[in-house]
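Data first, discussion second: the structure below is written as structure tokens.
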Amino acid sequence: MPTPTSAARPLRAAARRRAGAAVERAAAALARRRHARLLHPAGRTFAGEVLVWGTPGPPTGIDLLDRPGRWPATVRLSKGVPTPGSWPDVLGLAVRLHRDPEPPVDLLVSSSGAAPVLRHLPLPRRRFTGTYTSIMSFRAGRRRLYLAALADPESPELGRDLAGVAATVATDQPRLVLAVASAAGPWRLFGEVRLDRRRGAREDAALAFDPIGNAPPGLRVGGLLGWLRNTSYRGSRRARGASAQSGGSTGVTV
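In the numbering used here, the protein residues as written are 1288 to 1541.
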């Protein structure tokens, strides 16, 4: 005879599936209504490169962070709401590492604070140069890790609006530094992302990221927020007819 606990598991799983379907439908409906992404609809997409030189100090156990490597990348900077022009907004940075023949890796970070008490909070900002964090922590075994893109003091400023970002990339190659930290530990710099040239509006519209399914191998996102993010992104992609690996090719997207 099944125990009460074992009998309740199928009920919880069924309730979770129903809740997930409802959230996905709502996200898809909102995305269709705005004829764009549900989150961060206004942005600019660029070709770029990610250089990893490795994690200083004790390794994280995640090869993508610990071992030197270089990959072509697709980089998107965006505004969350979006607010007009240079008005404050939660700014976003999405980076897709093209690792052919391996699946791509997507790193999504939002404007936040560098201090431990702030790195899990999305913070509106005017300037695109600044601190971006993963907001949610990743699980690596029993540890929790945050990823970030930090300002490079030797890089040109990215500007205060999307047009300014595009103008900066057209004349220079701005950079952001990639970093990893525990919940309360200091940031450890392990690489950089460099923006090269702007890609067209059609490619920006076709591009779709999956911060959960395309997370760096060895890192996982769990909990209610991870489930909600995964489900809402899936609904937004469905409304646009996109997959978790749409767009962001290293060649020409048609």
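Don't be surprised by glycine CBs; every beta carbon is placed ideally from N, CA and C.
Could you spell out where the beta strand (DSSP E) holding residue i opens and where it closes?
i	result
residue 1338	1329-1339
Please classify residue i as buried or exposed, where buried requires at least 16 other C-beta atoms within 10 Å of its C-beta.
i	result
residue 1446	buried
residue 1423	buried
residue 1318	At residue 1318, the pLDDT of 48 sits below 50, so the modelled position is not reliable and the matter cannot be decided from this model.
residue 1458	exposed
residue 1374	exposed
residue 1344	exposed
residue 1480	buried
residue 1330	buried
residue 1357	exposed
residue 1440	exposed
residue 1430	exposed
residue 1461	buried
residue 1346	exposed
residue 1335	buried
residue 1372	exposed
residue 1405	exposed
residue 1322	Caution applies to residue 1322, whose pLDDT of 48 falls short of 50 and renders its modelled position unreliable; the value that the coordinates give is listed next. Answer is exposed; the Cβ neighbour count stays below 16.
residue 1438	buried
With DSSP collapsed to three states, give me the class of residue i.
i	result
residue 1453	helix
residue 1466	strand
residue 1426	strand
residue 1347	coil
residue 1458	helix
residue 1364	strand
residue 1542	Residue 1542 cannot be examined here, being either before or after the span of the chain that is shown, 1288 to 1541.
residue 1435	strand
residue 1476	strand
residue 1352	helix
residue 1493	helix
In the DSSP assignment, what residue or residues form a beta bridge with residue i?
i	result
residue 1376	1412
residue 1359	1336
residue 1394	1382
residue 1507	1426
residue 1342	Looking at the DSSP assignment, residue 1342 forms no beta bridge with any residue, so it has no partner.
residue 1420	1397, 1435
The alpha helix (DSSP H) with residue i in it runs from where to where?
i	result
residue 1486	Residue 1486 -> no alpha helix (DSSP H), and no H or E assigned at all.
Using 8 Å as the threshold, is the stretch 1415-1432 in touch with the stretch 1475-1487, meaning 3 or more CB pairs across them? Here the stretch 1415-1432 makes no contact with the stretch 1475-1487; the two share fewer than three CB pairs at distances below 8 Å.
Quick test of the definition: if touching needs 3 or more C-beta pairs under 8 Å, does the stretch 1335-1355 touch the stretch 1465-1477? yes
Does the contact criterion of 3 or more C-beta pairs under 8 Å hold for the stretch 1365-1374 versus the stretch 1453-1467? no
The stretch 1491-1505 touching the stretch 1380-1392, judged by at least three CB pairs closer than 8 Å: yes
Report yes or no: do the stretch 1465-1472 and the stretch 1429-1437 share at least 3 C-beta pairs separated by less than 8 Å? yes
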